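Taken in order, these protein sequences are the chains called A and B.
Numbering-wise (my numbering), the first sequence opens with residue 1 and increments by one.
Numbering-wise (my numbering), the second sequence opens with residue 1001 and increments by one.
Protein chains: 2
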Amino acid sequence: MSESIRTSEQTTCATRQRLLEAAGEVFAEQGFRAATIRDICRQAGANIAAVNYHFGDKMKMYAEVLKYAYEKARAKYPSELGPQATPEQRLQAFVQALVYRILDETRLAWHGKLMFREMMEPTEALQTLVEEAIRPEFERLRTVVAELLGPGADIESVLQSVWSVTGQCLFYYHARHIIAVLRPKGAYSQQDMQRIADHVVKFSLSAIRCIEKPKAS
Amino acid sequence: MSESIRTSEQTTCATRQRLLEAAGEVFAEQGFRAATIRDICRQAGANIAAVNYHFGDKMKMYAEVLKYAYEKARAKYPSELGPQATPEQRLQAFVQALVYRILDETRLAWHGKLMFREMMEPTEALQTLVEEAIRPEFERLRTVVAELLGPGADIESVLQSVWSVTGQCLFYYHARHIIAVLRPKGAYSQQDMQRIADHVVKFSLSAIRCIEKPKAS
DNA sequence: ATGTGTTTTAAACTTATGTTTGAAACATGG
DNA sequence: CCATGTTTCAAACATAAGTTTAAAACACAT
């Protein structure tokens, strides 16, 4: 076999895919602005002009990476159950997916993290991300919370409870640097993640169940 | 009166102070990396070399700004009550301060926001911020939550409940761009902020109170 | 008025980073 | 083998942004 540098599999798909993967990791770690095309290409083993060739520019590559990230995150840690599941089960599935996406520190877990980062440091790509990824998940959780609160709950209470559930999960992402200082620990084990997810579910279910009762007294 | 450009009040204190204020706003809005010295100086009405003269470099100016921010945030929305206050009252005060720091959108409210931004996008200055600002507040909340949970609560449960309370508040900061898309609204009114703070307190108190009871059954 | 220290200034310097360019290398069909 | 389209490459280009420099302006005491 000759030392041919490229076969068709090694070119079209491979460079572009390597860029997608490398960009995902770098963007998730550093954010859009701080990530440099040179870093990404170094990691991908590609020439920097390849970004222009395959994607057009940095922003367009980013948008592609975001889309890819959502697909991957969803596949790895799905947040939905079938419609026959109870609200409690659905809440558990939702929270668990979110917590796992956040706390999984293996190399192949950048997908969810990139989405969380985009949420807090938006680029032009946020609008699309909201419509394609975030809104559907929001609506699902809203439905679950509304069922748990019961038919008498007003829209604002449902909404604020949705945020309360979501905020507990997302905290572990946004505050990870603080947690690392205040409560140093190593990487989260499977049990850690499960314990945290269970706590968030328990805390939230307790709140939702009791928050209605004081009304009777 | 001559057209003298500078008097002693307009020089030493004024330029440095103008830089502090302008830098605070720009850093809070854009973060350390994206904020440029040129933007800050433009806003402060100063020459860019003034940063080097008064602070040494960008990072040192940032550290000064952070320190100043904490003092101001704490003064404007204090999170502590006296030791005679009940745990519930102390929780309310803590949550309220946090929520108000986050949701106040007036021009003079960048202080808290800068701290939140540093938490999620840390620079070299985080360590100092944690020790001087965040850890004391964390310890205070931990004490409150431990009291609310009662003497039998283990350390891990207390900690996770602390995060659950905190996460609900911080959510409004981290997810502000998402909230703006999913639930468009104008600036938060005083009542909005109070309502949100009350909800977080109620949600959290309900959770904390009921999360222990199922143990008896 | 002079000397000295402080503060401000415009310009220059240095480095980093996204984008572009034109040629080389490659892949494939006729 | 040649023609054509695709992909990769090194170098150049253009711009941005932090830091430095040296001089001017200022403040104040003697």
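Ideal Cβ positions, reconstructed from N, Cα and C, are used throughout, including at glycine.
Predicted, not measured: the structure shown is a model, and the values here were computed from it.
Unbroken alpha helix (DSSP H) run spanning residue i, endpoints
i: Thr143(A); result: 135-149
i: Tyr1173(B); result: 1155-1174
i: Ile102(A); result: 87-103
i: Cys13(A); result: Cys13(A) -> no alpha helix (DSSP H), and no H or E assigned at all.
i: Gln84(A); result: Gln84(A) -> no alpha helix (DSSP H), and no H or E assigned at all.
i: Arg1117(B); result: 1110-1120
i: Tyr1188(B); result: It is not in any alpha helix (DSSP H) - Tyr1188(B) carries neither H nor E in the DSSP assignment.
i: Asp39(A); result: 37-44
i: Ala1218(B); result: The structure shown does not extend to residue 1218(B), since chain B is modelled only from 1001 through 1217, so no value can be given for it.
i: Val1051(B); result: 1049-1055
i: Thr128(A); result: 126-129
Any chain A beta carbon closer than 8 Å to residue i
i: His1111(B); result: no
i: Glu1080(B); result: no
i: Ile1155(B); result: no
i: Pro1122(B); result: yes
i: Arg1209(B); result: yes
i: Val1099(B); result: no
i: Gln1160(B); result: yes
i: Arg1033(B); result: yes
i: Met1119(B); result: yes
i: Arg1140(B); result: no
i: Ser1164(B); result: yes
i: Gly1024(B); result: no
i: Ser1189(B); result: no
i: Leu1182(B); result: yes
i: Gln1168(B); result: yes
i: Leu1126(B); result: yes
i: Val1130(B); result: yes
i: Arg1074(B); result: no
i: Ile1196(B); result: yes
Status (buried if at least 16 other CB within 10 Å, exposed otherwise) for residue i
i: Arg1117(B); result: buried
i: Cys13(A); result: exposed
i: Thr166(A); result: buried
i: Thr106(A); result: exposed
i: Ile1134(B); result: buried
i: Ile155(A); result: exposed
i: Met1059(B); result: exposed
i: Ala1044(B); result: buried
i: Leu1108(B); result: exposed
i: Ile37(A); result: buried
i: Gln127(A); result: exposed
i: Gln96(A); result: buried
i: Asp104(A); result: buried
i: Ser1189(B); result: exposed
i: Thr86(A); result: exposed
i: Ile1048(B); result: exposed
i: Arg88(A); result: The residue asked about is misnamed: residue 88(A) is Glu in this sequence, not Arg. Glu88(A) is exposed by the Cβ-count criterion.
Integer-rounded CB distance, given that residue j should sit under 8 Å from residue i
i: Arg90(A); j: Val144(A); result: 5 Å
i: Val1051(B); j: Asp1039(B); result: Between Asp1039(B) and Val1051(B) the Cβ distance is about 11 Å, and since that is not below 8 Å, they are no contact.
i: Tyr1068(B); j: Gly1024(B); result: 7 Å
i: Ile1102(B); j: Cys1041(B); result: No, Ile1102(B) and Cys1041(B) are not in contact; Cβ-Cβ is about 28 Å, not under 8 Å.
i: Asp1162(B); j: Leu1148(B); result: Residue identity check: residue 1162(B) is Val in the sequence provided, not Asp. 11 Å between Cβ atoms; not a contact.
i: Val130(A); j: Ile1179(B); result: Actually they do not touch by this definition, with Cβ atoms about 11 Å apart.
i: Ser1164(B); j: Val201(A); result: Not quite, the Cβ-Cβ distance comes to about 11 Å (not below 8 Å), so this is no contact.
i: Ser1206(B); j: Ser206(A); result: 7 Å
i: Arg1195(B); j: Cys210(A); result: Rounded, the Cβ-Cβ distance is 19 Å, inconsistent with contact.
i: Asp174(A); j: His1174(B); result: Asp is not the amino acid found at residue 174(A); the sequence shown has His there. 5 Å between Cβ atoms; contact.
Chain B contact for residue i (CB, 8 Å cutoff)
i: Arg54(A); result: The sequence shown places His at residue 54(A), not Arg. Cβ-Cβ to chain B under 8 Å: no for His54(A).
i: Phe27(A); result: no
i: Val200(A); result: yes
i: Phe171(A); result: yes
i: Leu91(A); result: no
i: Phe94(A); result: no
i: Ala175(A); result: yes
i: Arg42(A); result: no
i: Ile37(A); result: no
i: Ile134(A); result: yes
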